[in-house]
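Asker: Going by full-length UniProt numbering, the first residue of the sequence shown is number 1, and it counts up by one from there. Got a structure for you, questions after.
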Amino acid sequence: MKIAAFEVRDDERGSFADEANRVGVAVELHSECLGPDKIGLVAGCDGVSTLGQSHIDAAMIDALADAGVKVVATRTIGYNHIDLNAARRRGVMVLNADYAPNGVAEYTVMFILLVLRNYKPALWRGQVYDFSLGGLQGRELRNLTVGVMGTGRIGATVIQCLTGFGCRILAHDPHPKAAVAEHAEYVDLETLYAQSDVITLHMPLLDSTFHIINRETISRMKDGVVLINCARGELMDLDALIDNIEAKKIGGLGLDTVETEGELIHRDRRTDILTNRGIAYLRQFPNVVMTQHMAFYTDAAVRSMVSCSVDGIRAVLETGEFRTRIA
1 MKIAAFEVRD DERGSFADEA NRVGVAVELH SECLGPDKIG LVAGCDGVST
51 LGQSHIDAAM IDALADAGVK VVATRTIGYN HIDLNAARRR GVMVLNADYA
101 PNGVAEYTVM FILLVLRNYK PALWRGQVYD FSLGGLQGRE LRNLTVGVMG
151 TGRIGATVIQ CLTGFGCRIL AHDPHPKAAV AEHAEYVDLE TLYAQSDVIT
201 LHMPLLDSTF HIINRETISR MKDGVVLINC ARGELMDLDA LIDNIEAKKI
251 GGLGLDTVET EGELIHRDRR TDILTNRGIA YLRQFPNVVM TQHMAFYTDA
301 AVRSMVSCSV DGIRAVLETG EFRTRIA
């Protein structure tokens with residue numbers, strides 16, 4: 001059994017070697033994205049493993065299937081970069097990852113605290129030896145209401161983490177969970193928007209959730225609301241965020257993912273001329289904390305992503321079943 005892995009980072013190589021040896025498969029590692037010009041690299045491979053920058057559209061699915069590839073596994077939870085309908089049509093199985101939610105959940109709570117305590121301007125000042133306190137007064141989480149949109153594995157873990165702070169927690173999800181209801185109050189979106197001081201998103205990117213945070217929904221939120229996004233950038237309308245930060249309707253943002261980040265994500269662009277004006281403009285605000293789509297990035301998560309990908313390909317080829325099979 002042979003697998004071709006693409007977008008392989010240096011920190012993944014050891015895990016790939018360990019997992020290939022444990023499972024008993026051959027894995028070829030490539031740092032490049034999987035694209036039409038790389039089809040020759042999958043010759044003789046039963047499965048391919050990618051990250052989110054490889055766009056597996058219908059044409060790519062056809063090319064992979066024609067090359068004999070039977071499984072596409074993404075080492076990410078999100079899979080909107082893969083055409084599932086095309087995969088089903090060609091009989092190509094698709095897997096995603098199911099690494100533990102703790103890393104993203106803990107990062108979310110960190111973001112909430114960083115924004116509430118004005119860490120970014122405090123850091124800026126310290127770097128120029130300005131140790132004054134004016135304008136840096138923060139808020140205590142225990143006195144606030146936090147709204148959690150989406151209570152899947154990550155959202156539920158965020159709620160679990162927040163319980164120790166003593167804050168009121170509101171939740172919204174089409175599929176409420178009894179275990180979550182022990183720590184949070186399920187409400188409709190209107191109530192969550194109106195009563196939350198902090199709102200954090202933990203939902204998949206679907207047609208129904210695209211730009212769920214927009215000018216109209218922001219207008220129904222509290223003045224000074226803090227918004228957190230460690231899920232999918234396209235859940236939030238970038239222009240609406242900028243307008244409402246400028247208008248001071250939004251009191252702060254913690255963003256690990258942003259709409260239109262595709263050309264920047266996980267790439268070193270220090271010497272390039274960047275044309276992404278929206279992100280460049282948004283990140284300069286003192287009450288906006290932005291990071292490079294790294295909430296998932298822990299030692300445990302990386303090992304799990306690789307293991308799930310390699311072992312998942314082996315399992316579906318042998319049995320047709322694996323816990324993360326989505327097509």
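For every residue, glycine included, the Cβ atom is placed at its ideal position computed from N, Cα and C. This one's a predicted model, so the numbers in the text were calculated from it and none came from an experiment.
(1) Three-state secondary structure (DSSP) at residue 328?
(2) Please classify Thr151: does DSSP put it in a helix, a strand, or coil?
(3) Over the uninterrupted alpha helix (DSSP H) stretch that includes Val310, give me the two end residues.
(4) Would you mind sorting Ala4 into buried or exposed? The rule is 16 or more other CB atoms within 10 Å of its CB.
(5) Output the residue ranges of the beta strand (DSSP E) runs that lie fully inside the region 6–63 and measure 3 residues or longer, sorted by chain position.
(6) Report the residue from Lys70, Thr50 and Ala315 whose alpha carbon sits nearest the alpha carbon of Arg89.
(7) Skipping 5 residues on each side, what residues in its chain have a beta carbon closer than 8 Å to that of Ala122?
(8) Is Leu274 buried or exposed, if buried means 16 or more other CB atoms sit within 10 Å of its CB?
(9) Would you kindly work out how many angstroms separate the C-alpha atoms of Leu255 and Gln292, rounded to a whole number?
(10) If Ser31 and Val306 are in contact, beta carbons under 8 Å, what's the gap, nearest whole angstrom?
(11) Does the region 223–234 come close enough to the region 251–271 to have 3 or more Cβ pairs within less than 8 Å?
(12) Compare the beta carbon distance of Ala26 and Ala20 with 8 Å and say whether it is the shorter of the two.
(13) Arg215 lies in the alpha helix (DSSP H); which residues open and close that run?
(14) With a threshold of 16 other CB atoms inside 10 Å of the CB of Ser49, please say whether the residue is buried or exposed.
(15) With a threshold of 7 Å on Cβ separation, who are the neighbours of Asp11 within its own chain once the five nearest residues in sequence on each side are excluded?
(16) What separation, rounded to the nearest whole angstrom, lies between the Cα atoms of Ala315 and Ala181?
(17) Based on the DSSP secondary-structure assignment, which residues constitute the bridge partners of Val288?
(18) Among the residues of its own chain, which have a CB less than 8 Å from the CB of Ile279, if the five just before and after it don't count?
(19) Run the CB neighbour count on Ile326, radius 10 Å, all protein chains shown included, and call it buried at 16 or more, exposed below.
(20) Give the range of the beta strand (DSSP E) segment to which Met93 is assigned.
(21) Can you list, in chain order, the stretches of the beta strand (DSSP E) that have 3 or more residues and sit fully within the region 232–277?
(22) Assign Lys2 to one of three DSSP states: helix, strand, or coil.
(23) Hey, could you find the ends of the beta strand (DSSP E) Leu227 is sitting in?
(24) Return the CA-CA distance between Asp130 and Leu116, expressed in angstroms with no decimal places.
(25) Suppose the cutoff is 7 Å on Cβ atoms and the five residues either side in sequence are ignored; what does the same chain contact list for Cys193 look like?
(26) With the cut-off set at 8 Å, would you say Asp188 and His172 are in Cβ contact?
(27) Should Glu7 go down as buried or exposed, given a rule of 16 or more other Cβ atoms within 10 Å for buried?
(28) Compute the Euclidean distance between the alpha carbons of Ser311 and His202, then round it to the nearest angstrom.
(29) Quick check: the Cα distance between residue 331 and Leu206, rounded to an integer number of angstroms?
(30) So who's on the other strand from Glu185, going by DSSP bridges?
(31) Could you check whether His183 and Ile199 sit closer than 8 Å to each other, using their CB atoms as the reference points?
(32) Pair every Cβ in the region 73–87 with every Cβ in the region 35–55, then say whether three or more of these pairs are closer than 8 Å.
(33) Counting along the chain, where does the alpha helix (DSSP H) carrying Val104 start and finish?
(34) Can you tell me whether Arg325 is helix, strand or coil according to DSSP?
(35) Where does Thr145 fall in DSSP's three states?
Answerer: Looking at the coordinates:
(1) The structure shown does not extend to residue 328, since the chain is modelled only from 1 through 327, so no value can be given for it.
(2) The residue given as residue 151 occupies position 151 in the sequence shown. Note: Thr151 maps to coil in three-state DSSP.
(3) Taking the sequence shown and counting its residues from 1, one reaches residue 310 at position 310. Its alpha helix (DSSP H) spans residues Asp299 to Thr319.
(4) Position 4 of the sequence shown holds residue 4. The residue is buried, with at least 16 neighbouring Cβ atoms inside 10 Å.
(5) 26–29 and 47–50
(6) Counting from one through the sequence shown, the residue named residue 89 turns up at place 89. The candidate whose alpha carbon is nearest that of Arg89 is Lys70.
(7) Walking along the sequence shown from the start, residue 122 turns up at place 122. Contacts found: Leu136.
(8) On the sequence shown, residue 274 is found 274 positions in, with the first residue counted as 1. When all chains shown are included, Leu274 counts as exposed.
(9) Working through the sequence shown from its first residue, we reach residue 255 at position 255. Working through the sequence shown from its first residue, we reach residue 292 at position 292. In a straight line, the C-alpha of Leu255 is about 9 Å away from that of Gln292.
(10) On the sequence shown, position 31 is the one that residue 31 refers to. On the sequence shown, position 306 is the one that residue 306 refers to. The Cβ separation is near 15 Å, so there is no contact.
(11) yes
(12) Reading the sequence shown from its first residue, position 26 is the one you call residue 26. Reading the sequence shown from its first residue, position 20 is the one you call residue 20. It is a contact, given that the beta carbons lie within the stated cut-off.
(13) One-based indexing of the sequence shown puts residue 215 at position 215. Arg215 to Ser219 is the span of the alpha helix (DSSP H), which, as asked, contains Arg215.
(14) By 1-based counting over the sequence shown, the position of residue 49 is 49. Answer is buried; the Cβ neighbour count reaches 16.
(15) As a working note, residue 11 is residue 11 in the sequence shown. Excluding residues within five positions, the ones whose Cβ falls inside 7 Å are Val302.
(16) Along the sequence shown, read from residue 1 onward, the residue named residue 315 stands at position 315. Along the sequence shown, read from residue 1 onward, the residue named residue 181 stands at position 181. Their Cα atoms are separated by approximately 35 Å.
(17) Residue 288 sits at position 288 when you count from the first residue of the sequence shown. The partner list for Val288 (beta bridge, DSSP) reads Leu253.
(18) Taking the sequence shown and counting its residues from 1, the one referred to as residue 279 is at position 279. Closer than 8 Å at the Cβ level, and outside the excluded window around Ile279, lie Leu238, Val258, Thr260, Glu261, Leu264 and Met290.
(19) Here residue 326 refers to the residue found at position 326 when the sequence shown is read from its first residue. Ile326 is exposed by the Cβ-count criterion.
(20) Reading the sequence shown from its first residue, position 93 is the one you call residue 93. Boundaries of the beta strand (DSSP E) around Met93: Met93 to Leu95.
(21) 250–255
(22) Mapped onto the sequence shown, residue 2 falls at position 2. Strand, per DSSP.
(23) Mapped onto the sequence shown, residue 227 falls at position 227. Val225 to Asn229 is the extent of the beta strand (DSSP E) around Leu227.
(24) Position 130 of the sequence shown, counted from the start, is the residue given in the question as residue 130. Position 116 of the sequence shown, counted from the start, is the residue given in the question as residue 116. Approximately 20 Å, taken between the alpha carbons.
(25) Looking up residue 193 in the sequence shown gives position 193. This sequence places Tyr at residue 193; Cys is not what is there. Counting only Cβ-Cβ distances below 7 Å, and skipping sequence neighbours, we find Thr217, Arg220 and Met221.
(26) Residue 188 sits at position 188 when you count from the first residue of the sequence shown. Residue 172 sits at position 172 when you count from the first residue of the sequence shown. Yes. Within cutoff.
(27) As a position in the sequence shown, residue 7 is number 7, starting the count at 1. Buried, by the Cβ-count rule.
(28) Position 311 of the sequence shown, counted from the first residue, corresponds to residue 311. Position 202 of the sequence shown, counted from the first residue, corresponds to residue 202. According to the sequence shown, residue 311 is Asp rather than Ser. Computed Cα separation, rounded: 27 Å.
(29) Absent from the model: residue 331. The displayed extent of the chain is 1 to 327, so no value can be given.
(30) By 1-based counting over the sequence shown, the position of residue 185 is 185. DSSP, once it has assigned bridges, lists Leu170 as partnering Glu185.
(31) For the purposes of this step, residue 199 is taken as residue 199 along the sequence shown, with counting starting at 1. For the purposes of this step, residue 183 is taken as residue 183 along the sequence shown, with counting starting at 1. Not a contact, by the Cβ cut-off of 8 Å.
(32) yes
(33) Within the sequence shown, residue 104 is the residue found at index 104, counting from 1. Segment Asn102 to Leu116, the alpha helix (DSSP H) holding Val104.
(34) Translated into the one-based positions of the sequence shown, residue 325 becomes position 325. Secondary structure of Arg325 (DSSP, three-state): strand.
(35) Within the sequence shown, the letter at position 145 stands for residue 145. Thr145 carries a strand assignment under DSSP once its states are collapsed to helix, strand and coil.
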